[in-house]
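Top to bottom, those sequences are chains A, B, C and D. The first sequence maps to residues 1 to 750 in the working numbering. The second sequence maps to residues 1001 to 1159 in the working numbering. The third sequence maps to residues 2001 to 2098 in the working numbering. The fourth sequence maps to residues 3001 to 3290 in the working numbering. Even for Gly, the Cβ is constructed at its ideal location relative to N, Cα and C. For clarity, every value in this text was computed on a predicted model and none was experimentally measured. One structure is given below, encoded as structure tokens.
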Amino acid sequence: MSEAKKFNFIGQRTIRPDGHDKVTGKANYAADLALPGMIWGKILRSPHAHAKILKLDTSKAEAMLGVMSVATFDDLPSVSNEAIQSGEGAIDSLDLGRNVLARDKVLYHGHAIAAIAAKTEAIAEKALELIDVEYEVLTPVLDLHEAMKADAPLLHEDMFTQGYPEQPEKPSNIAARHELKMGDVEAGFAEADVIVERDFVTPTVHQGYIEPHACTVSYNTEGQSMVWCSTQGHFDVRASTAKLLAMPLGNLKVIASEIGGGFGGKTTVYLEPIALILSRKSGRPVKMMMDRDEVFRASGPASAARLTVKVGGKKDGTITAMQTSIAYEAGAFKGSPAMIGGMTAFTPYNCANVYCETFDVVVNKPKVAAYRAPGAPQAEFGAEMAVSELAEKLGIDPVDLRLQNAAKEGTQTVYGPKLKAVGLVECLEAAKNSPHYKTELKEGEGRGIASGFWFNIGGQSSVTINMNPDGTGTIVEGSPDIGGSRASMQMMAAEELGIPLNDLKPIIGDTESIPYNQSTGGSRTTFATGMAVIEAAQDVVQQLKERAASLWNVTPDQVEWRDGSAINTAGEGQMTCAEICAKCEKTGGQISGTGNVNARGAGPSFAVHVCDTKVDMETGKVDVIRYTAIQDAGKAIHPSYVEGQFQGGAAQGIGWALNEEYVYNDDGVMENAGFLDYRIPLASDLPMIDTIIVEVPNNFHPYGVRGVGESGIIPPLAAVGYAVGDAIGANVSELPCSPPRVLKLIQEKG
Amino acid sequence: MTKVHVTTSINGDETEFLCEPHDTLLDVLRNDLSLTGTKEGCGSGDCGACSVTLNGRLVCSCLVLGVEAEGAEVGTIEGVGEADNLNVIQEKFLEHAALQCGICTPGLIVSTQALLAENPSPTEEEARYYLAGNLCRCTGYDKIIRAVMDSAETMRGEG
Amino acid sequence: MLSAACVEVDPRKRLDVSMAMVFFSGELQRFTGEEKTSVVALNYRELLGELHNKYPDLKNSEITEMAIAIDGEIVHEPLLELIPEAAELHFFHFIAGG
Amino acid sequence: MAVVDYQAPQSIEDAIGILQKTDIKSKVMAGGTDLIIQTKSQTADPVRVVDLKHIDGMMSYTLDDGGMSLGPAMSCAEFTTLDDVKAVYPGLSESAYLIGSTQVQGRASIGGNLCNASPAADTIPALIANGAQCVIEGNNGERVVAVEDFVTGVAQNCMASDELLKQITIPRPAPGSSDAYLRFIPRTEMDIAVAGAGVSVTLDSSGKCTAARVAIGAVAVTALLVREAAEALIGTAVDEQALDAAAAAASAAAKPITDRRGTAEYRTHVVGVLVKRAAKIAAERARGVK
């Protein structure tokens, strides 16, 4: 893209096209659909964290008045081991099936065992008590280090660690071990004047979306089955659900309702396959809703982690070696993003010698799911804390140390490729020159700064733009819109077509109205779906030019498209989009443009955050008093929603750093499964979150877009963690910085 | 169990319904009266997504029994603004992009309306503490508070 | 439009194509025994053919499931990909998002 | 418990009549913010809810030279707007303001908070600090119980199943008196108290403390009236040493548990900090009020 392109709509703060319904309560979320004859499904969940299922008898429950159908694992057709390719990488479908409904063993407290559909929720709830289950209770494995021991009780007798040079012969709770290395870390450490080595611990946390999982489904044999659910990817819900129920994709229509937050946690299936079984066996539509307690106990949190980080640097500020050993909890089934932690931990740094060893470890807790840059926050927390400590020990300003070693274009990453053009240096400079960083701290205040890297992905998006006879158009796209992306899609289409924004209506098509679209996640929507919208809009413009050419009897290349009109360059004549559309039946029929992409060249988005805290030294309570989030957006399509991603990521990261954690008892039962004691940040906990949008264009997108949805959650863990340590004069190594932990650090410091 | 007949007023409309004694006002609004604008986020009064007004007082409808609505005045999101045009608070929430997923928005708009009726010129801190019972996980609250302060200013300007 | 890779390639031109440098991650090194190698290949399918000939165990690896970075540009579905002159190639695992 | 019947008696006599029925267990409801959560499960035993909000006097208050007489079912949202009460019992008003969110305060009542008898209830230490009395009505008439004796254990109070709390009466503080309530929570709102402290002090014209009541919450099965802490203040000018002594006495009296909200060790330390801070505020208010 040559010099900065002049845009008509891009970069404006438009009113989102879907806003009216959301501020009037008319927008329909998953729990808002009721169908005639609908009945209610409820799930029987395991009271044990680790137990064999000896007997499961649902006959008494089925006989209860008002009960219409029952579902257990046996109702799933023979689930094959073949991987399902879904948006979140390969998921072993046997594991997915056993997480949706337990078979032989329950692997976490709250694991679904059976489900009942009945005339009312109350009847369904009572019927669950009539299901007769016999367990052989086993010792739960809850701690990461315990789980990794050779003699630890095993969750899966058939799990052997992948990734060791030779195949181990004993099964283990370590599902996989990965190694990433570059250069020679030992040589690097030998060169270093100062070495920082520290162990870090981060807790299990939840995405905290305010809308619990829910769906309303109706099964019928003639291939007209329908699922209405809250999801980040209805095409992947169709893929996983059809796989589990052995249905052809064409027989299952999935409609994405408005989604009340997902953050990665709604990229898998929990209720949909069960509801369809209950619907099939009862012949009735079935609604299922998780209550908040179930969301915490049985939907995927983000991995708790234990990591050791070692960084070495010379007096001149060169970081000579960076090393980490990372273990992530996967929960009941393998598949934590441990390796992604290894890939991202040190990527903000141009360091020649890097070594990362990562372990994916199963424990008797719910299977983890993605949570905004999955795997990166935990690993980069350790790295950023260690780099800040190194800066302090070298007597170098923490921003300057990061600037001096900043990853740039051409920097070799530990996971392989060299980076293309990125904006970390620009973000660090923006932080250094920010009013926040230039303000002196007062007595008792602490400051932390941290960087964050996330890859961002492209992937498959399909869009059609259908033009109406009056020149207005409908943009049918397939990316569930959580953060306001429909506003960006509308702006990109209007930018290409040159017609007013409100003439274009973006909607999320169901799985029967457009080809496969990958889930909304990986910060891909504005980048990849945006690219497909632009392609579809250009397709429409081309057809409009051809129609105008046919009316003027000239060739299409003699027609130019400017500001929503065709211009006849081979003579007289100008025709607006509306005029051309009005004559479509005369020029060959209606116009519809398509854009099908497997978008490549997703540009990483770097973030740098600055946080000031004050600590009540007598109680250990932390207050965040100032916060600045800086991030590279490549090109901000809708600045308000770009800022919204920075601020939302920062708030979740601050929660992760301050007060969010799963508290388990020794039997593996979560003790704070509710918003009262799982403490996400409140309006009164946070200051205004100032934002700075950096724009280093990503030339693989027509307008230079980089996804911004995820990087923002990474820096706060270390920005807040280091600021707390700075305020109390002690080293923080364990999150969250809850008052009891901080007070202990203060007391130990003496 | 035999259902209870309740006569009440919802957004100024005379309304009758039958409900079980254990049904909450939230269950009644959503399942019996199809007023699904009021959302359930937790069912225990900890998230505010189900905020409504009961006789002018801001409450969580998940912590009110449906039968308690007898003879009461209930105000829900569906009663905010007119059918064809939004009120100032709704306009400002859109203008400031004070919502992303929007599940918390109905509760926040009802709560903001109650706040500004009680305190037409709140400070930022007063607004943040009054709205502390409305959880939002997407926005980090910054733009919500800016929309609330702007609404207050605009309404005072008109007032 | 047809992808360029389907265009018929004149075998005589093959000789003057410079070598591409392929780097193996720690995980793949278990099957190749080497950190890197140079290969003559015009496109992804030829690249895989050459690598499988050179390293028989490679068939036990997940190389065909992995994404590929060509001179730093990450390609998740490389089947029809062309290999440019003196390219630097890295294989690595498909990255998910949240 | 699952609600199978709802009654809204218009008088105390009717209410007591319903409470005496033995077909189904009855539970009294004021705001209902605790009760409705406890009755969510449909599989627990059935319960009849007896809603007191339609009974005269339950939702109103009187304040005069003799003190305050408070209807137990008045919502905290309404109670905290009563400026005349706030002037006389600032600490009690603070404690009512701290219960839950704005929405919860729109329903929750001081009487409900007291009868629910959570060890961490916010209003109970403030009520104890102010020497509140509980007027209980039952089949055989009225009886009065000091608030510190009203709560008898975790979620237990001294009333029989057919008795109800009719009134909460609080004596008018002696001249030169004031109170304060503080609690510790990890966030700034919404949490259940990890520790709580209600303190009232009476200072003479020279600023010497002539009387004091110190109550601590969330650090034992019930809120505790800590005599030793009060004695540490009485006779002093409520200076640093006195405040430290009161804090130490409070920590010594605490018998906390470890749970998802805090460790015993942490609660013991923090309750002392809160007593010190609350006593200081109460003293400043008392000095100002003369």
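If I follow the unbroken beta strand (DSSP E) through residue i, where does it start and stop?
i                : result
isoleucine 319/A : 319 to 331
lysine 2036/C    : 2036 to 2039
aspartate 1032/B : Per DSSP, aspartate 1032/B belongs to no beta strand (DSSP E) and is neither H nor E.
serine 225/A     : 225 to 229
glutamine 631/A  : 621 to 632
Please list, in chain order, all residues of the same chain as residue i whose beta carbon is under 6 Å from its beta carbon, the five residues on each side excluded.
i               : result
proline 3171/D  : Gly3067 and Gly3131
alanine 3220/D  : Lys3255
glutamate 643/A : Thr691
In the DSSP assignment, the alpha helix (DSSP H) including residue i goes from what residue to what residue?
i                    : result
threonine 985/B      : In the structure displayed, chain B extends from 1001 to 1159; residue 985/B sits before or after that span and is not available.
phenylalanine 3150/D : 3147 to 3150
aspartate 400/A      : 398 to 404
histidine 145/A      : 144 to 148
glycine 341/A        : 338 to 344
Using a Cβ-Cβ cut-off of 7 Å (strictly less than) and excluding sequence neighbours within five positions of residue i, which residues of its own chain qualify?
i              : result
leucine 1026/B : Thr1038, Glu1040, Cys1050, Ser1061 and Cys1062
serine 86/A    : With a pLDDT of 45 at serine 86/A, under the threshold of 50, the modelled position of this residue cannot be trusted; read the value that follows with caution. So the qualifying residues of the chain are Asp236, Ala239 and Ser240.
serine 2/A     : A caution first: serine 2/A carries a pLDDT of 42, below 50, which makes its placement in the model unreliable, though a value can still be read off. Contacts found: none.
leucine 743/A  : Thr619 and Gly620
glycine 89/A   : For glycine 89/A, the pLDDT reaches just 47, beneath the cut-off of 50, and the residue's location in the model is therefore unreliable, leaving the point undetermined.
Distance check for residue j and residue i, CA to CA, integer angstroms please.
i                   : j                 : result
glycine 773/A       : isoleucine 728/A  : Because chain A here runs from 1 to 750, residue 773/A falls outside it and cannot be looked at.
phenylalanine 453/A : proline 716/A     : 12 Å
glycine 564/A       : valine 205/A      : 49 Å
leucine 686/A       : tyrosine 722/A    : 17 Å
lysine 3086/D       : arginine 3285/D   : 12 Å
lysine 181/A        : tyrosine 355/A    : 4 Å
glycine 3031/D      : glycine 3112/D    : 7 Å
glutamine 490/A     : isoleucine 277/A  : 38 Å
valine 2022/C       : valine 309/A      : 30 Å
glycine 133/A       : glutamate 125/A   : A quick correction: the sequence has valine, not glycine, at residue 133/A. Distance between the alpha carbons of valine 133/A and glutamate 125/A is about 16 Å.
glycine 1157/B      : aspartate 1150/B  : 10 Å
threonine 3062/D    : isoleucine 3168/D : 11 Å
proline 3125/D      : alanine 3248/D    : 18 Å
alanine 607/A       : alanine 651/A     : 14 Å
alanine 3120/D      : arginine 3267/D   : 11 Å
asparagine 405/A    : threonine 344/A   : 16 Å
With a threshold of 8 Å on Cβ separation, who are the neighbours of residue i within its own chain once the five nearest residues in sequence on each side are excluded?
i               : result
proline 248/A   : Gly223 and Ala242
glycine 3288/D  : Ser3178
arginine 1128/B : Tyr1141 and Ile1145
Determine the chain F residues that contact residue i at a beta-carbon separation under 8 Å, and present them in chain order.
i                 : result
asparagine 1134/B : The structure shown contains no chain F; its protein chains are A, B, C and D.
Return the chain-ordered ranges of every alpha helix (DSSP H) run that is complete within the region 3109 to 3140 of chain D and spans a minimum of 4 residues.
Fully enclosed alpha helix (DSSP H) runs of 4 or longer: 3110 to 3116 and 3123 to 3129.
Are there three or more Cβ pairs, one per stretch, closer than 8 Å when the region 625 to 639 of chain A is compared with the region 685 to 704 of chain A?
yes
Whole alpha helix (DSSP H) runs in the region 2034 to 2086 of chain C with 4 or more residues, listed along the chain?
2044 to 2054
Fully enclosed by the region 1057 to 1091 of chain B, which beta strand (DSSP E) runs are 3 residues long or longer?
If we require 3 residues or more, the beta strand (DSSP E) runs fully inside the region 1057 to 1091 of chain B come out as 1057 to 1060 and 1073 to 1075.
Count the C-beta pairs between the region 1120 to 1129 of chain B and the region 33 to 53 of chain A that are closer than 8 Å, then say yes if the count reaches three, no if not.
no
Give the list of continuous alpha helix (DSSP H) stretches no shorter than 4 residues that lie fully inside the region 463 to 509 of chain A.
Counting whole runs of 4 or more residues, the region 463 to 509 of chain A contains the alpha helix (DSSP H) stretches 485 to 497.
Curious, which full-length beta strand (DSSP E) runs of at least 3 residues does the region 59 to 139 of chain A contain?
Counting only runs of at least 3 residues, the region 59 to 139 of chain A fully encloses the following beta strand (DSSP E) elements, listed from N- to C-terminal order: 67 to 71, 83 to 86, 89 to 92, 112 to 118 and 132 to 137.
Does the region 362 to 377 of chain A come close enough to the region 414 to 429 of chain A to have 3 or more Cβ pairs within less than 8 Å?
no
Report the residue ranges of all beta strand (DSSP E) runs contained in full by the region 523 to 596 of chain A; include only those spanning at least 3 residues, in chain order.
559 to 562, 565 to 568 and 574 to 576
Which whole runs of the beta strand (DSSP E) in the region 3174 to 3239 of chain D are 3 residues long or more, in chain order?
3177 to 3184, 3195 to 3203 and 3209 to 3217
Any contact between the region 2078 to 2094 of chain C and the region 1004 to 1013 of chain B? By contact I mean 3 or more CB pairs, one from each, below 8 Å.
no
Under 8 Å: do the region 653 to 665 of chain A and the region 730 to 737 of chain A share three or more Cβ pairs, one atom per stretch?
yes
Whole runs of the alpha helix (DSSP H) within the region 711 to 742 of chain A, excluding any shorter than 4 residues
715 to 728
Which runs of the beta strand (DSSP E) fall wholly inside the region 661 to 720 of chain A and span at least 3 residues, in chain order?
689 to 694
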